[in-house]
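Numbering (numbering that gives the first Met the number 0), first residue to last: 0 to 230. Step one of this worksheet: look at the structure below.
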Amino acid sequence: MAISAHPDDIEINCAGTLARFRERGDEVVMCNLCNGNLGHVVIMPEELRKIRNAESERSAALLGAEHLTMDVGDLKLYAESEEQRNKLADLIRYAKPDMIITHTPDDYMADHVATSKLVFAASFCASLPHYHLDERGVADVCPIFYMDNLGGFKFEPTEYVDITKQIELKMKMLECHESQMKWMREHDGIDFAETVKTFARMRGLQSGVTYAEGFVQMRGWGRMTTKRLLP
Ligand SMILES: [Zn+2]
């Protein structure tokens, strides 16, 4: 289960790895907590919310993954919100993941940091039978992996995944986010896809392959395992 703040974060940071999970037969759930409604300077929030959800659905379909959204407005995500923690615990109980990939807790913007903290709390709460009872049943406490951030600031991967064969699918998934990619190309002259690909190349250089994605496993009681979980 990959849990990000915004609709394109998963594609930017871990879609190649998710593709490798799919190739080995794993089920993948892609979950956004925010709906991306503030991610444009012209398209109004309610319209953008729908556009971006459809973009995420298309991207997940390319991967053969399920897409979930918590549908919170951008910058309305709070690590201390009990309501949001409960909603996320419900999504985790629905997915019952073997592992979760999410943002690193000192990422560059508030929604990413809140996502990381909510995942940490909700994934524990989801395992307790007497916490916020509902019909989904509990989910096991599972390993959490932090994915890279934009530019890799203060992020030293301890594990790398070779995505050389998956880079084209990753880029296609990223291009599904047309409201972001096309807009930046046409109005800002920024080829964001090139930025993402360049960064995957840099992680590849660090790990001796052409393209890679980097991760750090969250270390803590009940979260560790003796086997490598990443592909
Ligand atoms: Zn984001």
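All C-beta atoms, glycine included, are put in the ideal place defined by N, C-alpha and C.
Contact between the stretch 15-25 and the stretch 155-171 is established, with three or more Cβ pairs separated by less than 8 Å. T114: member of the alpha helix (DSSP H) spanning 109-124, first to last residue. Proximity of the beta carbon of A4 to ligand 1 is indicated: a heavy atom of the ligand is located closer than 7 Å. In this structure, the CA atom of H39 is about 17 Å from the CA atom of N31. Between the C-alpha atoms of D187 and F152 there is a straight-line separation of about 23 Å.
As computed with DSSP, A1 is found in a beta bridge with M29, I100.
Closer than 7 Å to some heavy atom of ligand 1: that describes the Cβ of D8.
By the neighbour-count criterion, in which a residue is buried when 16 or more other Cβ atoms sit within 10 angstroms of its Cβ, D133 is exposed.
If you check the CB distance, D7 and L173 come in under 8 Å.
Residue pairing for D105: DSSP places it in no beta bridge. Remark: C-beta atoms of R23 and P230 approach each other more closely than 8 Å.
For V112 and V118, the gap between their C-alpha atoms comes out near 10 Å.
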